[in-house]
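Student: Have a look at the structure that comes next, please.
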Amino acid sequence: MANTLKNSDNALIRAENIVKTYTTGAGEDCTFYALKGVSLSIKNGEFVAIMGASGSGKSTFMNIIGCLDKPTSGDYFLDGKNIVNTRLDKLSEVRNAKLGFVFQGFNLISRTSALENVEMPMIYKGIPPKERKERAMEALKIVGLTNKEHNMPNQLSGGQQQRVAIARAIVNDAPVILADEPTGNLDTKTSYEVMDFFVNLNEKMGKTIVLVTHEDDIAGYCKRIVRFKDGNITSDSINTPVYSLREGV
Numbered sequence: 023m024a025n026t027l028k029n030s031d032n033a034l035i036r037a038e039n040i041v042k043t044y045t046t047g048a049g050e051d052c053t054f055y056a057l058k059g060v061s062l063s064i065k066n067g068e069f070v071a072i073m074g075a076s077g078s079g080k081s082t083f084m085n086i087i088g089c090l091d092k093p094t095s096g097d098y099f100l101d102g103k104n105i106v107n108t109r110l111d112k113l114s115e116v117r118n119a120k121l122g123f124v125f126q127g128f129n130l131i132s133r134t135s136a137l138e139n140v141e142m143p144m145i146y147k148g149i150p151p152k153e154r155k156e157r158a159m160e161a162l163k164i165v166g167l168t169n170k171e172h173n174m175p176n177q178l179s180g181g182q183q184q185r186v187a188i189a190r191a192i193v194n195d196a197p198v199i200l201a202d203e204p205t206g207n208l209d210t211k212t213s214y215e216v217m218d219f220f221v222n223l224n225e226k227m228g229k230t231i232v233l234v235t236h237e238d239d240i241a242g243y244c245k246r247i248v249r250f251k252d253g254n255i256t257s258d259s260i261n262t263p264v265y266s267l268r269e270g271v
C-alpha cells in the first residue's frame, strides 16, 4: 500500500515523504532504511494507534514526530510549522510546548515525589513554584491520584506510576500526547484502566493521541490504526473503539 496523506487539511501532525537511514558500514549496501518515504497526516483530536513488528519503523517514526530525532529527508509539520531544520535548542522548546510523552518504563525520577515528577516540565518553562504546584495537583486529580502526591515512585503500583507519567504529560497543556507502549509493563486489567484515562484525555479534554503498541486489544481503544512494515505504511484504517461497544458505556 502506498503511503498517503490522510485528512491532510488542518492537520496537527503532517509527515511528508519521510526517509530515515542509518549507516551500518562503508558503501551503499551498508545503508539501512528505517523509513522509506512515509507520509501521514493526523488531525487535531484524533486517537491513533501505530502498530507493527519490531523493526517495522514505527518507533523511528514516533521519534521523528516527537522531535527526538530528525529525518534523513522529507518534511515534518507540527501545528502547521515545518520543523525539520529547527535548531536542537529550539526543538526542546517545541517539545515542551506542543508534546507530552508517556513511555513504557514510566521514566519517573525515583527520588522525587509524584507531585515533583509532574512539576518537572513546568520547571523548564520557568513557571513559578505556586502555579507549578497548583497545576500539578490538578493534573494528578485528573488521573485519580489526589491523595498520592507525596508518594515516591517506589510507593506506587505500576498503574499508579503510569498515571503520574500521564499527569506529567498533560500538565503543560500540550495538544499532542505521544505514548510509546504505555501498557507494556502492566498487567491486562491495569492496562485497560490506563487506556481508559487516555480515552478520557481524548474525548473529554480534546487531546490528540498517537500511541505505539504491538497489542491488538490496546490498539482497539483507538479510533484509527496505522500499520507499519519494513519502513512503509501498509494500512491506515478507521476503527470502532472497544469501549464504545461495552454495555452501558
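In the working numbering, the protein residues as written are 23 to 271.
Even for Gly, the Cβ is constructed at its ideal location relative to N, Cα and C.
Note that the structure is a prediction, hence the values are computed from the model and not measured.
At which residue ranges does the stretch 192–269 contain complete alpha helix (DSSP H) runs of 4 or more residues, listed in the order of the chain?
Tutor: Counting whole runs of 4 or more residues, the stretch 192–269 contains the alpha helix (DSSP H) stretches 210–225 and 238–241.
Student: Just to confirm, is the Cβ distance from isoleucine 35 to valine 221 under 8 angstroms?
Tutor: Walking along the sequence shown from the start, residue 35 turns up at place 13. Walking along the sequence shown from the start, residue 221 turns up at place 199. Not closer than 8 angstroms, so no.
Student: What's the C-alpha gap between arginine 117 and isoleucine 64?
Tutor: Numbered from 1 along the sequence shown, position 95 holds the residue referred to as residue 117. Numbered from 1 along the sequence shown, position 42 holds the residue referred to as residue 64. Each residue's alpha carbon lies about 17 angstroms from the other.
Student: What does the Cβ neighbour count give for glycine 228, buried or exposed, with the cut at 16 atoms within 10 Å?
Tutor: The residue you call residue 228 lines up with position 206 of the sequence shown. Exposed is the call here.
Student: Taking a contact to mean a Cβ-Cβ separation below 8 angstroms, would you say glycine 180 touches glutamate 215 in this structure?
Tutor: Locating residue 180 in the sequence shown gives position 158, where the first residue counts as 1. Locating residue 215 in the sequence shown gives position 193, where the first residue counts as 1. The answer is no: Cβ separation not under 8 angstroms.
Student: Buried or exposed: arginine 86, going by 16 or more other Cβ atoms within 10 Å of its Cβ?
Tutor: To locate residue 86, count along the sequence shown from 1; it is residue 64. Residue identity check: residue 86 is isoleucine in the sequence provided, not arginine. When all chains shown are included, isoleucine 86 counts as buried.
Student: Who pairs with serine 95 in a beta bridge, going by DSSP?
Tutor: For the purposes of this step, residue 95 is taken as residue 73 along the sequence shown, with counting starting at 1. Paired residue(s): Val41.
Student: Looking only at C-alpha atoms, which of Ala71, Gly148 and Phe123 sits nearest to lysine 245?
Tutor: Your numbering for residue 245 matches position 223 in the sequence shown. The shortest Cα separation from lysine 245 among Ala71, Gly148 and Phe123 belongs to Ala71.
Student: Only counting the same chain, and skipping five residues up and downstream in sequence, which positions put a Cβ closer than 8 angstroms to that of phenylalanine 128?
Tutor: For the purposes of this step, residue 128 is taken as residue 106 along the sequence shown, with counting starting at 1. Same-chain partners within the cutoff: Pro175, Gly180, Gln183, Gln184, Val186, Ala187 and Asn207.
Student: Using the three-state DSSP reduction, which class does valine 186 fall into: helix, strand or coil?
Tutor: Position 164 of the sequence shown, counted from the first residue, corresponds to residue 186. Reduced to three states, the DSSP call for valine 186 is helix.
Student: Quick one: what's got a C-beta closer than 6 angstroms to serine 78's C-beta in the same chain, skipping five residues either side?
Tutor: Walking along the sequence shown from the start, residue 78 turns up at place 56. Excluding sequence neighbours, serine 78 sits near Phe250 and Lys251.
Student: Roughly how far, in whole angstroms, is the beta-carbon of isoleucine 240 from the beta-carbon of methionine 217, given that I think they are within contact range, below 8 angstroms?
Tutor: Sequence index remark: in the sequence shown, residue 240 carries index 218 (1-based). Sequence index remark: in the sequence shown, residue 217 carries index 195 (1-based). Contact holds; Cβ gap of about 6 angstroms.
Student: Which residue comes first and which comes last in the alpha helix (DSSP H) that contains alanine 119?
Tutor: Position 97 of the sequence shown, counting from 1, holds the residue named residue 119. That run of the alpha helix (DSSP H) goes 110–120.
Student: Can you give the Cα-Cα distance for leucine 200 and tyrosine 146, rounded to whole angstroms?
Tutor: The sequence position of residue 200 within the sequence shown is 178, counting from 1. The sequence position of residue 146 within the sequence shown is 124, counting from 1. Each residue's alpha carbon lies about 19 angstroms from the other.
Student: To the nearest angstrom, how far is it from the Cα of valine 234 to the Cα of serine 95?
Tutor: In the sequence shown, residue 234 corresponds to position 212, counting from 1. In the sequence shown, residue 95 corresponds to position 73, counting from 1. Their Cα atoms are separated by approximately 23 angstroms.
Student: I need the straight-line Cα distance from proline 150 to glutamate 138, nearest angstrom please.
Tutor: Counting from one through the sequence shown, the residue named residue 150 turns up at place 128. Counting from one through the sequence shown, the residue named residue 138 turns up at place 116. Distance between the alpha carbons of proline 150 and glutamate 138 is about 13 angstroms.
Student: Which residue's Cα is closest to the Cα of threonine 108: Lys42, Leu121, Asp91 and Glu203?
Tutor: Position 86 of the sequence shown, counted from the first residue, corresponds to residue 108. The option with the nearest alpha carbon to threonine 108 is Asp91.
Student: In whole angstroms, what is the alpha-carbon distance linking glycine 59 and leucine 100?
Tutor: Counted from its first residue, the sequence shown places residue 59 at position 37. Counted from its first residue, the sequence shown places residue 100 at position 78. One C-alpha to the other measures close to 18 angstroms.
Student: What span of residues does the beta strand (DSSP E) with alanine 136 cover, start to end?
Tutor: As a working mapping, residue 136 is identified with position 114 in the sequence shown. Note, alanine 136: premise wrong, no beta strand (DSSP E); alpha helix (DSSP H) at 136–146.
Student: Any idea which residues DSSP pairs glycine 33 with across the strands?
Tutor: Numbered from 1 along the sequence shown, position 11 holds the residue referred to as residue 33. In the sequence as presented, glycine is not what sits at residue 33; that position holds alanine. Per DSSP, Lys65.
Student: Across which residues does DSSP place leucine 90 in a beta bridge pair?
Tutor: Numbered from its first residue, the sequence shown carries residue 90 at position 68. Paired residues: none, contrary to the question.
Student: Please check the pair serine 61 and asparagine 39, which I expect to be a contact at CB under 8 angstroms, by giving their CB distance rounded to whole angstroms.
Tutor: Here residue 61 corresponds to residue number 39 of the sequence shown, with the count starting at 1. Here residue 39 corresponds to residue number 17 of the sequence shown, with the count starting at 1. Yes, they are in contact, since the Cβ atoms of serine 61 and asparagine 39 sit about 6 angstroms apart, within 8 angstroms.
Student: If contacts are defined as beta-carbon pairs under 8 angstroms, then alanine 191 and leucine 162 qualify, I think. What distance do you get, rounded to the angstrom?
Tutor: Within the sequence shown, the letter at position 169 stands for residue 191. Within the sequence shown, the letter at position 140 stands for residue 162. No, alanine 191 and leucine 162 are not in contact; Cβ-Cβ is about 12 angstroms, not under 8 angstroms.
Student: Determine, using beta carbons only, whether alanine 189 and isoleucine 164 come nearer to each other than 8 angstroms.
Tutor: Taking the first residue of the sequence shown as 1, we reach residue 189 at position 167. Taking the first residue of the sequence shown as 1, we reach residue 164 at position 142. Cβ atoms of alanine 189 and isoleucine 164: closer than 8 angstroms.
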